[in-house]
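According to UniProt numbering, the stretch in the sequence shown is residues 1 to 221, in order. Just so you know, even glycine gets a beta-carbon here, dropped at the ideal spot from N, CA and C.
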Amino acid sequence: MKEYCQGTGVSESRWLFVSKSYLSKTLKKWVHRKQKSTTPFCSFQNFAEALKKRYIDPLEQDHRRDALEELQYSKAQGMESFGDAFLDLVEEIKDISTPADLIHIFKKAIPDPICLEVNKKAPSSLEEAVEAACIAAETLEGRGGNRKRHAQTGGSRPNRKHQEEVRVKCSQTAAAVRKKAMGSFGTVETRVWWSGRSTSWRRRWKRTIDVDASQMDRTTA
Numbered sequence: 001m002k003e004y005c006q007g008t009g010v011s012e013s014r015w016l017f018v019s020k021s022y023l024s025k026t027l028k029k030w031v032h033r034k035q036k037s038t039t040p041f042c043s044f045q046n047f048a049e050a051l052k053k054r055y056i057d058p059l060e061q062d063h064r065r066d067a068l069e070e071l072q073y074s075k076a077q078g079m080e081s082f083g084d085a086f087l088d089l090v091e092e093i094k095d096i097s098t099p100a101d102l103i104h105i106f107k108k109a110i111p112d113p114i115c116l117e118v119n120k121k122a123p124s125s126l127e128e129a130v131e132a133a134c135i136a137a138e139t140l141e142g143r144g145g146n147r148k149r150h151a152q153t154g155g156s157r158p159n160r161k162h163q164e165e166v167r168v169k170c171s172q173t174a175a176a177v178r179k180k181a182m183g184s185f186g187t188v189e190t191r192v193w194w195s196g197r198s199t200s201w202r203r204r205w206k207r208t209i210d211v212d213a214s215q216m217d218r219t220t221a
């Protein structure tokens, strides 16, 4: 790009501006955030070094990041966002992306209740975010089951047996995430494990959608 700018007679002060016009959407956002920060690019050389350090293969990696961000549009499908496509893309770019960027993309692709719990944990890495999301999914599912039991029995005291089951499940979940997810994204075992975790959530959301649809039918009738 430097040679191109020199060959076309672009002044050095405009090299960064011209280069930015050739970047894709994601990279343009990155440059914009950097220029708004307290340490903006002071020269084209500074920009080129930062780009090389952050993106080993800018064009290819940026394409993958855009594909990852598209997962937010399938958010309504819930835990299905943890499928093969997500794991494959994370496996391909995890070594050349900042943890904060991947955590941000990850949180946009998970259900809002789980995302809220993940935010409370303030994860510093993608692996910590995955673990927090998995534990939150188990915990939220347990709370729903406990409320259902209270409604059926009319009791006001906690279901201690159910609470113990949830605690054990959370412990097992954390152990499974550490063993299978951390450092092994994209493996067959991890995909199978996540696929199993997504089943209960898909059922619950389908029931919610069915209930909403039936209520709408009664309203229109």
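Exercise for the section: Please decide whether I135 counts as near chain B, where near means a Cβ-Cβ distance under 9 Å. Expected result: In the structure shown, chain B cannot be found, because there is only a single protein chain.
Problem - Simplified DSSP state of I105, which is helix, strand or coil - result: Along the sequence shown, one-based indexing puts residue 105 at 105. I105 falls in the helix class under three-state DSSP.
Handout entry: Boundaries (first-last residue) of the alpha helix (DSSP H) holding C42
Key = In the sequence shown, residue 42 corresponds to position 42, counting from 1. No alpha helix (DSSP H) contains C42, which DSSP labels as neither H nor E.
Exercise for the section: Return the CA-CA distance between Q45 and L51, expressed in angstroms with no decimal places. Expected result: The residue given as residue 45 occupies position 45 in the sequence shown. The residue given as residue 51 occupies position 51 in the sequence shown. Roughly 10 Å separates the two Cα atoms.
Handout entry: Same chain, Cβ closer than 7 Å to A133, five either side skipped, listed in chain order
Key = Position 133 of the sequence shown, counted from the first residue, corresponds to residue 133. Taken in chain order, the residues that qualify are I110, I114, V118.
Exercise for the section: Compute the beta-carbon to beta-carbon distance between L140 and L102, rounded to the nearest angstrom, for a pair I have assumed lies under 8 Å. Expected result: Against the sequence shown, residue 140 aligns to sequence position 140. Against the sequence shown, residue 102 aligns to sequence position 102. Actually they are not in contact, since the Cβ atoms of L140 and L102 sit about 23 Å apart, beyond 8 Å.
Exercise for the section: Measure the Cβ-Cβ separation of K120 and E128 and say whether it is below 9 Å. Expected result: Taking the sequence shown and counting its residues from 1, the one referred to as residue 120 is at position 120. Taking the sequence shown and counting its residues from 1, the one referred to as residue 128 is at position 128. No, these two residues do not count as a Cβ contact at 9 Å.
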